[in-house]
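In this text, residue positions in the sequence shown follow my numbering: the first is 20, and each later residue adds one. Note that beta-carbon positions come from the ideal geometry of N, C-alpha and C, so glycine has one too. On a predicted model such as this, the values are computed, not experimentally measured, just so you know.
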Amino acid sequence: MPLITFTSDFGQSDHYVAFTKARILKEYPQAQIIDISHQVKPFNLAHLAHVIQSVFREFPEGTIHLIGNDADSQKAQSYLVVKIEGHLFVGANNGVMSLISEKQPEGVYLLDIPVAKGFTSLPAIVAKLAQGTPPQELGTTTDNFNQYIARKARATKKEIAGHVIHTDHYGNLVTNIDKVDFDILSANRSYTITFGRDSVQVVNQSIPEVEPGEVFFIFNSNDKLMLGINQGHGGQLLGLTYDSPIIIKFDEDAH
């Protein structure tokens, strides 16, 4: 029995999350539904994609991921099942599927459901998938779906130029700078990380290495460079937000 995850910007103050789960369970009472988050920022595809892509690989292949967000009404005129890295994603054709992974989908299926019914039709689709119905029986194979290109950090021998891509619940700022690039370029070299008007010369192994109120840089569990303030809200105190530049310059001479 495949697991079902549910991620949305529906919040917790209304009935929307429970309504969606009830629709799945009505069709398939044995379903196992795991919430990822329902506090995604409304209409924010970048935040939605970040939350999903940060965790979906921790679930077994074959897991079904239901995605709900109010960007549906703005852009989507259709709904999809997309197979990515062995997982199935069900949601609106609004571009979010293209931001979940850098790998090409293994299959994209346009669902045959009325646009007027929209998201409320998806729980039944998820229930059928969980019971073993292949996606090609629920939709038509297509290559024509909304896609975006995620911004990547630019790495040269002299520097890595990245950006903030997410501010988490604690005010920590996640960047698009990958650990593998940093490890290669920083080997036996010193470096300076510039953020706003400030700079540091070290990446920490853990947050407690710095005193409360001080800035830290670490690589998070997804191997993305993250900065913040120990026991403080880094985004507010540092004046950094989504898309703020983070630059790592490497010394020319090896040490």
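- Rounded to whole angstroms, how far is the Cβ of N276 from the Cβ of V221, which I believe are closer than 8 Å? Because residue 276 is not part of the residues shown, which for the chain are 20 to 274, the question remains open.
- Query: Where does D91 fall in DSSP's three states?
  - Reply: Confidence at D91 is low in this model, with a pLDDT of 47, below 50, so its placement is unreliable and no value can be given for it.
- Nearest-angstrom Cα distance between E46 and T39? Rounded to the nearest whole angstrom, the CA to CA distance from E46 to T39 is 11 Å.
- May I ask you to verify whether the stretch 114 to 126 touches the stretch 164 to 171, counting CB pairs closer than 8 Å and requiring at least 3? Segments in contact, yes.
- Query: Per DSSP, what kind of secondary structure is G137 in: helix, strand or coil?
  - Reply: Note: G137 maps to helix in three-state DSSP.
- Which residues bound the beta strand (DSSP E) around A41? Taken as a continuous stretch (DSSP letters only), A41 belongs to no beta strand (DSSP E), being part of the alpha helix (DSSP H) at Y35 to E46.
- For G181, collect the residues of the same chain with a Cβ closer than 6 Å to its Cβ; drop the 5 residues on either side in sequence, then sort them by chain order. Correct list, in chain order: A172, T194, N195, I196 and I265.
- DSSP three-state call for V70: helix, strand or coil? Correct three-state label for V70: helix.
- Item | Straight-line Cα distance separating K122 from A71 | A small fix is needed here, since residue 71 is Ile in this sequence, not Ala. Approximately 15 Å between the Cα atoms of the pair.
- Tell me which same chain residues have a C-beta within less than 6 Å of the C-beta of T77, skipping the five on either side of it? The residue asked about is misnamed: residue 77 is Glu in this sequence, not Thr. Excluding positions up to five away in sequence, the list is empty.
- Just the Cα atoms here: how many angstroms apart are F29 and G81? In a straight line, the C-alpha of F29 is about 25 Å away from that of G81.
- Query: By the 10 Å Cβ neighbour count, where 16 or more other Cβ atoms means buried, how is S27 classified, buried or exposed?
  - Reply: Burial call: buried.
- Residue burial classification, Q255 (beta-carbon count within 10 angstroms, cutoff 16): Burial check for Q255: the Cβ neighbour count within 10 Å stays below 16, so the residue is exposed.
- For G158 versus D131, is the C-beta distance shorter than 9 Å? Contact: yes.
- Message: Per the DSSP calculation, I103 is bridged to which residue(s)?
- Response: Answer by DSSP bridge pairing, in chain order: H106.
- Item | I23 classed as buried or exposed, judged by whether at least 16 other C-beta atoms fall within 10 angstroms | Burial of I23 is indicated by the presence of at least 16 other C-beta atoms within 10 angstroms of its C-beta.
- Task: Could you tell me which of Q224, L148, H69 and F62 sits nearest to Q49, measuring between CA atoms?
- Result: Nearest option by C-alpha distance: L148.
- Task: Report yes if the C-beta distance between S225 and D270 is below 9 Å; otherwise report no.
- Result: No, these two residues do not count as a Cβ contact at 9 Å.
- Check I178 in the structure and name its three-state DSSP category. Strictly speaking, residue 178 in this sequence is Glu, with Ile absent from that position. DSSP places E178 in strand when its eight states are reduced to three.
- Using a Cβ-Cβ cut-off of 6 Å (strictly less than) and excluding sequence neighbours within five positions of S263, which residues of its own chain qualify? Taking C-beta separations shorter than 6 Å and ignoring five residues to either side along the sequence, the partners of S263 in its chain run V183, following chain order.
- Under the three-state DSSP convention, the category F269 falls into: Of the three classes helix, strand and coil, the one that applies to F269 here is strand, per DSSP.
- Query: Cα separation between H252 and G190?
  - Reply: For H252 and G190, the gap between their C-alpha atoms comes out near 4 Å.
- Item | Neighbourhood of G258 by C-beta, 7 Å cutoff - its chain only, sequence neighbours within 5 removed | Cβ within range, chain order: G215.
- If you draw a straight line from the alpha carbon of F138 to that of D242, how long is it in whole angstroms? F138 and D242 have their C-alpha atoms some 33 Å from each other.
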